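Using the working numbering, the first residue of the sequence shown is number 267, and each one after it goes up by one.
Cβ coordinates follow ideal geometry from the N, Cα and C atoms, glycine included.
Bear in mind that the values here come from a model prediction, so they are computed numbers and not experimental data.
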Amino acid sequence: MYVEVLQAKIHNVRITQTELNYTGSITIDMDLVDAAGMIPNQKVLIVNNNNGERFETYIIEGERGSGIIGLNGAAARKGQIGDALIIMTFVSMEIEKARAFKPVNLFPDSKNRLI
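Laid out in C-alpha cells, this is it:
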C-alpha cells in the first residue's frame, strides 16, 4: 500500500509580492527551494496563516538570496504582502518506508532567508 506523506515544508515565510496579471504559480527564492529538496514546477500546497486560505499551485524559480515569495495569477487573490505562508510538498511511498521517513522542515528568518 502507498500513502502520501509530507516531503518538505517551508514554514512561516512572508509574501513579498503579488502579481495578478501573470500566468499563475508561486515564485520562491531558489535558496529555499533547494534547501527544502523541492524543484521548479513541482506542485505545492500553500496555507496562508493570516486568512486561512489553502490552495495548490506550482513552483517558479525566484532569484537566489532575494527572499522572494510571490503569488502570481489567480493565487495573488489568496494573500497580501506580509501574510505568513506554509509551503508544503508531498510524496507517495510504501507505508513501511513512510513510517521511517523524515520530511525536511525549514524555518527561514523574517526576510525569508535560511538561518
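Asked	Found
Where does residue 320 fall in DSSP's three states?	strand
By Cβ distance, which residues of its chain are closer than 6 Å to residue 276, with the 5 residues on each side in sequence left out?	298, 302, 353, 372
Rounded to whole angstroms, what is the Cα-Cα separation between residue 334 and residue 270?	28 Å
Measure how close the beta-carbons of residue 310 and residue 292 come, nearest whole angstrom, since I'm counting them as under 8 Å.	7 Å
Note down the Cα distance separating residue 219 from residue 356, rounded to an integer number of angstroms.	A query on residue 219 cannot be resolved here, the shown segment of the chain reaching from 267 to 381 and no further.
CA-CA distance, residue 346 and residue 308?	23 Å
Cα separation between residue 329 and residue 362?	38 Å
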